[in-house]
Each structure stands twice: as C-alpha cells, then as structure tokens.
Amino acid sequence: MANPACSFIWYELMTPEPAGSKRFYDAVVAGWTIEAQPFGEMNYRLISRSDGGNSGGVLRLTEEMQRHGARPCWLGYLGVPDVDAAVARVEEDGGRTLMPGRDIRGVGRIAMVTDPDGAPFYLMTPTPPAGRPDMESDVFSVDRPQHVRWNELQASNQDRAVAFYTQHFGWRQEGAMEMGDFGSYRFLYQGETMIGAIMPRTPQASQAAWTFYIGVDDIDRAADAARAGGGTILHGPNEIPGGEYSLTAVDPQGAVFGLIGPRQ
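Residue 20 in full-length UniProt numbering sits at position 20 of the sequence shown, and the numbers go up by one each step.
If you want it as structure tokens, here you go:
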C-alpha cells in the first residue's frame, strides 16, 4: 500500500462476544456496521463505514486465547516493509514477540509484538488488492467521523517510549501539553501529521497500552449510547484544543476505547 511507512493501517477489536460488540459499537459510532457473520478460519468480521470503506475488524477471542492471557482490547497495526526484520529489531530493543510472523492469504504477513514497556501492537506487510498496488489505507483520519482520529499511548517510561517509536518507526515527538502533577502529554507526528501522543501511565491502567479514539458525529449522543449499551465512561467528555470533545470508556466486554467529536 502507498501509505507512509509505519502508518497505522488497521485497527482490530479483540472480543469474546462479537455479537455483543456489534450491538454496542453499531449504536455508539453512528455509521458503523460490524458484520453479523464472520468469514475465514479466524472468525473475523469487518467494520464497515457508511461511505463504503472499512474502519477495521473484529476478532473473536476463543477460550484457548483467553487461557493464554488474551483479553478484550483494541490493537493497532503498523505497516512495515518487512515484518520479520521489524520483529527482530523490536526484540533487540527490549520488546517481545507475542505472535511470530505469519502469512494470511490475500491479506499479507502479520506479527504481534510489544514495545519494551509491554504495550502490544501488530506489525503488517499488507498484500495490495489485485490491480491496485498503490491502494492506501484510510482507517486513520485526523478529522473525519467513523475513522480513528487519535492514537494515545500510556507509558510507564515516556522517554523510553519516545525513543523506541521514533527510532523504529520514524515518528517525531514535538511539543507537549503540561498536565500539572500528572506530567506531560507529549505529541507524536508522522511527517507533518500529528497522529497522537504519549502520556504517563495512569494508576488505573494495569499495563502500558494504546488507546484509540474513534470519531463520532456527536459526543453526547455517543456517550449516551455507550451508557445505554452497557459501557462505562471513564473520563469526559472533556473539551480539547479546537473546540471538540473527547472521552475514554470501556465497552461491555472490557475493551478500553476513546471517542472524539463535536457537541451538537
């Protein structure tokens, strides 16, 4: 694909109850439709947008996966030119491999790793669709609803996290917002695009992890739908620079996510 190297090119919800996740997210993110029926041997469902594109996928967590420590969560995929070489570099710098590189027919080669702090993410070399070698992923957008709009890492050691992601993925850390005794909210750029931030891990967080903020049409409508669907709002909605609002929440199956949108 033609996205800049090391972009977020896909997002995935891992959940033991895909049907429950469909009811929840279809209501919270107006315009999303999670497929009712899975496809393929991995029991996978696509998340479609109202414009005909996709925002990611839903993978069912089996009992065996959960016995091996997998828990409901959202994970991001970083596109790399060579998955196995990227895995080796991550391991050399203190990360771990959770799932070795594997080929998925018609999709590409993927692996799951952690950064040195334990935050998990995927690495992927995608296979472009036939006849479309320069096709780009559009799952991330800085300003469009139904896309992930912000990528936020809670890190136990911000300096180490900044060094890791800037070294291995070519990102740039520039600027910060001070949060008093809590520390700094340090912004991440890919090229000239601000894609997210690294913040200190909160006492409530069980481990270092990424949180992905999904764009919605109306933050209050989405918050009400999340509560009505059995989710729990952790923080917000809070006004953010630019006049929109964000919140973080937990879905009914236990996956943490964020929302960003205007107040209508």
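Just so it is clear, CB atoms sit at the ideal spot from N, CA and C, and this is done for glycine as well.
Going by DSSP, name the residue or residues bridged to residue i.
{"i": "S7", "result": "Answer is none; S7 lacks a bridge partner."}
{"i": "A111", "result": "L123"}
{"i": "N54", "result": "S48"}
{"i": "M14", "result": "L59, C73"}
{"i": "R96", "result": "T114"}
Counting C-beta neighbours from all protein chains within 10 Å, is the total for residue i 16 or more, i.e. buried, or is it exposed?
{"i": "M14", "result": "buried"}
{"i": "G53", "result": "exposed"}
{"i": "V90", "result": "buried"}
{"i": "V139", "result": "buried"}
{"i": "N151", "result": "buried"}
{"i": "M177", "result": "exposed"}
{"i": "R227", "result": "exposed"}
{"i": "Q66", "result": "exposed"}
{"i": "D103", "result": "exposed"}
{"i": "M1", "result": "Its pLDDT being 43, under 50, M1 is placed unreliably by the model, and nothing is read from it."}
{"i": "R263", "result": "exposed"}
{"i": "Q207", "result": "exposed"}
{"i": "P72", "result": "buried"}
Just confirm the distance between the C-beta atoms of residue i and residue j, as a whole number of angstroms; I'd bet it's less than 8 Å.
{"i": "Q57", "j": "E12", "result": "Here the sequence assigns Gly to residue 57, which means Gln is not the residue at that position. Their Cβ separation, rounded to whole angstroms, is 5 Å, which keeps G57 and E12 in contact under 8 Å."}
{"i": "A209", "j": "V216", "result": "Not quite, the Cβ-Cβ distance comes to about 21 Å (not below 8 Å), so this is no contact."}
{"i": "Q146", "j": "S50", "result": "7 Å"}
{"i": "Y185", "j": "L259", "result": "In fact, because the Cβ distance is near 18 Å, the residues do not count as touching under 8 Å."}
{"i": "M124", "j": "Y77", "result": "5 Å"}
Go ahead and pull the three-state DSSP assignment for residue i.
{"i": "R60", "result": "strand"}
{"i": "D26", "result": "helix"}
{"i": "G69", "result": "coil"}
{"i": "M42", "result": "coil"}
{"i": "R105", "result": "coil"}
{"i": "G79", "result": "strand"}
{"i": "M1", "result": "For M1, the predicted structure reports a pLDDT of 43, less than 50, and the residue's modelled location is therefore unreliable. A value from the coordinates is still provided. Three-state DSSP puts M1 in coil, outside helix and strand."}
Task: Entirely enclosed alpha helix (DSSP H) segments - the UniProt domain "VOC" (144-262), minimum 4 residues - done: 158-169, 219-228
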